[in-house]
Structure formats: C-alpha cells, structure tokens
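Numbering follows full-length UniProt numbering, in which position 16 of the sequence shown is assigned residue number 16; successive positions increment by one, without gaps.
Just so it is clear, CB atoms sit at the ideal spot from N, CA and C, and this is done for glycine as well.
Single-structure report; data block below.
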Amino acid sequence: MPSPSSIFSAYASMTASIMLLRSMAQELIPQPIRGYLLNTFRYFIKPRSSTLTLIIEESTGIARNQVYDAAESYLSTRVTPENERLKISKVPKEKKLTIRLEKGEKLTDVYQGVSLNWRFICAETEKNSANDMQNSNNSISVRSEKKYFELSIHKKFKEIVLESYLPFILDKAKEMKEEERVLKMHTLNTTYCYSSVKWDSINLEHPSTFETLAMEPELKNEIIQDLNMFVKRREFYKKVGRAWKRGYLLYGPPGTGKSSLIAAMANYLKFDIFDLQLGNIARDSDLRKLLLATANRSILVIEDIDCSVDIPERGGRHGDGQKQQTDIQVRITMFYRDFSNATLCGFCKVTVCYRDSDIFTVIPNIDLVALQSNKKTSF
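Here you go:
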C-alpha cells in the first residue's frame, strides 16, 4: 500500500501537469475553438430529456389562436379532484357553469393510452408602447397579460399529438360550442392594460326578430330572402374568387328601428355581432387586427361611418376643409381595404353600416367598392 507521502507527491505532480496543459491550451488554442470544443463536450455528456413541451399561446399576434380556445373549452371537461383552484362563472342564457383553470393549475389527460400533462400559465409583462406613431419618443408603459398552455409529452408521441390529439380537441370544442351556442355582442376594449384595442363580449339578449319587427312585409321578405340566398351561395363566391360577405347600408333618424333590424338579422342567422366605431381606431394596424379577430358567421356593425372624422364647416378655410375631407377618404378607404383583406381568410360575414340621420352623407371621390351590388335601406 502506497504511503501518504507518495500519494501526495503523485497528486502534486498530476496537478502541476494539468495546470501546464491548461496554460499551453490557453496560449496555443484560440478562444472560439476552445469554446466550441467545450460546448461539444457538454453536449455529449449532458443527460437527454425525453420530454417535449408544446406552447399554445392565446394569440398568434394578429388573431386569436383557435387551438388555445379549443383547449380552454376541452380542458374544462377534464377537471379532476386533484385540481385545487378553478375559475367558475355563469352568465344569463347559458345552461351550465363555465369552468376554467386558474393560472398555475396542472391537469393530466389520457388519449389512446398516452399521458398528456397540461399546465395553464398567465404572466404579466410591461413594455413601452408608442402613444403616437409619428412621435416614437412619446411613449407610455403598458401592462400586457400573456396567457398560454404548456402541453408536456414523451417525444415518441409527438406525431400522435400533432396529427390526432389536437385535431380531436378542435372537433370536440366545436361540438361543445354548437351545443351551448349563445349569441354574443362584441365591443371594443380600449383600456390601457393592453398594448392595443381588443374585443370584449357580452351575451346578446335583444328580443327583436323578423316576426316582431315593425316593417313593411314586402321589404321584410326581401331582406329575409336576400339573407337566405347569401348563406347558401358559398360555392358561388368561391367560384368567382370573392370574399363571402354581404353589406347593408341603413340610414334614418334615431329610434326608427335600425338597431332592431340588426338584432333581428343576428337572431335569424344565429350570428354574433361585432360593434365597431372607427373613431376609436387610431392606427391602421389596430383596425386590421380587429377585423382579423372577428369570428366567422358574424355581423360587423359600423356606426356613423360617414362621421368617423369631423366633417369641415362650410365657413372654414378651403385648404383645411380639403385636408379634413382627405382624412375622411383615407379613413373610410382604409376600412374597406382592410375589411376586404380580412374576409378573404374567413367566411360568411355580414356588414351593416348605419347613420342616425335622414340623409347619408356621401363623401366625394370615394371608391365604395364594398357597397356595390349590396343593399341600401332607409327608415
């Protein structure tokens, strides 16, 4: 058995050799090469994880993520006694309680013998947002809430999850939505807790129907027939290469039934209503995001479309009036351009523009392409 002194001597000799080799490596081998060799060594000795985590965010940046919405609805039916925190809500006309996972909650689902681990994450982030597109120095700090699901699986089940499990969730959520169908009224949320405007919704409880609507029978039947024809002509719109949408222009004094007609159309078609006021939209990008976020099979209502920008007084200077009228043209043209682009990726949208006056103010030199071959009704 070697003596302690010989062991210490061997250790000192080995340490000196290592220090010498290290000094030679630092002198002879450049830093980039040393870093590459070190990373390669770590890669081979690092233990490999067999877990794959999929991130399902609430928004894709422009529109809502359909997989997120489907997962939120589907997971509400998979709640187990192991869950400790749940969000419960119920609004009028809904048959059942709405159950959602609270942030941080975990849930395990089983599909075709595969164990799938879900976790709901909700994090708040702060960032500076330009208050004026023309002046990037004028910015404010806004809070943005980021919601997403984490789906953790074994790597060997990746194909099953992507090709079978997630499509199954989408189909299941669609069935649940049809069973619990409640019409919604969507309005703009312009609070500063978000980086831009978003849609907020409440249940549509307007009692108006075509049976109770006070309107000339011939005009009422004409509108109903026009709506029926529009809904049935999906293949025609696809064949001619046009977006599947229909536009109506309503104008008349307040209290003459414009809103009741819109509600009757929504109740008849079973379409949600999106109420858009162009005066609340400051940026072209916000308008485009809002239009892309509207649901298929919906009615988009544009209020006072010719008054989105103040109309110049007749006594004002000609130059100012011409500039403001140009602003009106830009705003309205911007809407029709973005709406046409947005509806190309969706289907079955009805647009209703209305004005609370006897005469709809026609803006000169505006190419109202979206209103061609559509309906105009006065009250």
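Here residue 64 carries a strand assignment [DSSP, helix/strand/coil]. By the CB criterion at 9 Å, residue 171 and residue 187 fall outside the cutoff.
The beta strand (DSSP E) runs of length 3 or more contained entirely in the stretch 137–190 are, from start to end of the chain, 184–189.
For residue 5, the number of other beta carbons within 10 angstroms of its own is below 16, and it is reported as exposed. Cβ contact annotation for residue 220 (same chain, cutoff 8 Å, sequence separation greater than five): 210, 213, in chain order. Note that the C-beta distance between residue 111 and residue 68 is not below 9 Å. Closest in C-alpha terms to residue 72, from the list 22, 227, 50, 177, comes 177. Listed as beta-bridge partners of residue 108 by DSSP are 117.
In terms of CA proximity to residue 185, 270 leads the group 270, 251, 121, 144. If one requires a minimum length of 3 residues, the beta strand (DSSP E) runs lying completely within the stretch 25–84 are 51–57, in chain order. In the three-state reduction of the DSSP assignment, residue 198 falls in the strand class, which pools E and B.
If the five residues before and after residue 65 are omitted, its C-beta is found closer than 8 Å to the C-beta atoms of 56, 57, 58, 59, all from its own chain and listed in chain order. In the structure shown, the three-state DSSP call for residue 204 is coil. Within 10 angstroms of the beta-carbon of residue 248 lie 16 or more other beta-carbons, which makes it buried. Annotated three-state conformation of residue 303 is strand, per DSSP. In the DSSP assignment, no residue is bridged to residue 278.
Beta-carbon to beta-carbon, residue 295 and residue 169 are separated by about 18 Å, too far to satisfy the 8 Å threshold. Taking C-beta separations shorter than 6 Å and ignoring five residues to either side along the sequence, the partners of residue 202 in its chain run 185, following chain order. For residue 267, the CB contacts under 6 Å within the same chain, skipping 5 residues up- and downstream, are 209 in chain order.
Linking residue 189 to residue 233 through their CA atoms gives a straight-line distance of about 34 Å. Counting along the chain, residue 285 sits inside the alpha helix (DSSP H) bounded by residues 284–293.
The closest CA to that of residue 160, considering only 179, 146, 148, 113, is found on 113. Contact between residue 175 and residue 95 is absent: CB atoms are separated by about 15 Å, not below the 8 Å threshold. Residue environment: residue 197 is assigned as buried (16 or more neighbouring CB atoms within 10 Å of its CB, all protein chains considered). Apart from sequence neighbours up to five positions away, the residues of its chain that approach residue 78 with a beta-carbon distance below 7 Å are 107, 109, ordered along the chain.
The beta-carbon separation of residue 240 and residue 276, rounded to 27 Å, does not stay under the 8 Å limit for a contact.
By the 16-neighbour rule on beta-carbons within 10 angstroms, residue 14 is exposed. Residue 149 is classed as buried because its beta carbon has at least 16 other beta carbons within 10 Å across all chains shown. In the three-state DSSP reduction, residue 233 falls in the coil class, being neither helix nor strand. Using a 10 angstroms sphere on the CB of residue 229, the tally of other CB atoms stays under 16, which defines it as exposed. Rounded to the nearest angstrom, the Cβ distance from residue 52 to residue 155 is 5 Å, consistent with a contact under 8 Å.
DSSP lists no bridge partner for residue 97.
Taken atom to atom, the span from the alpha-carbon of residue 167 to that of residue 27 is near 58 Å. For residue 259, the closest of 303, 298, 282 by C-alpha to C-alpha distance is 303.
If you draw a 10 Å sphere on the C-beta of residue 90, you find fewer than 16 other C-beta atoms in it, and that means exposed. Beta bridge pairing from DSSP links residue 268 with no other residue.
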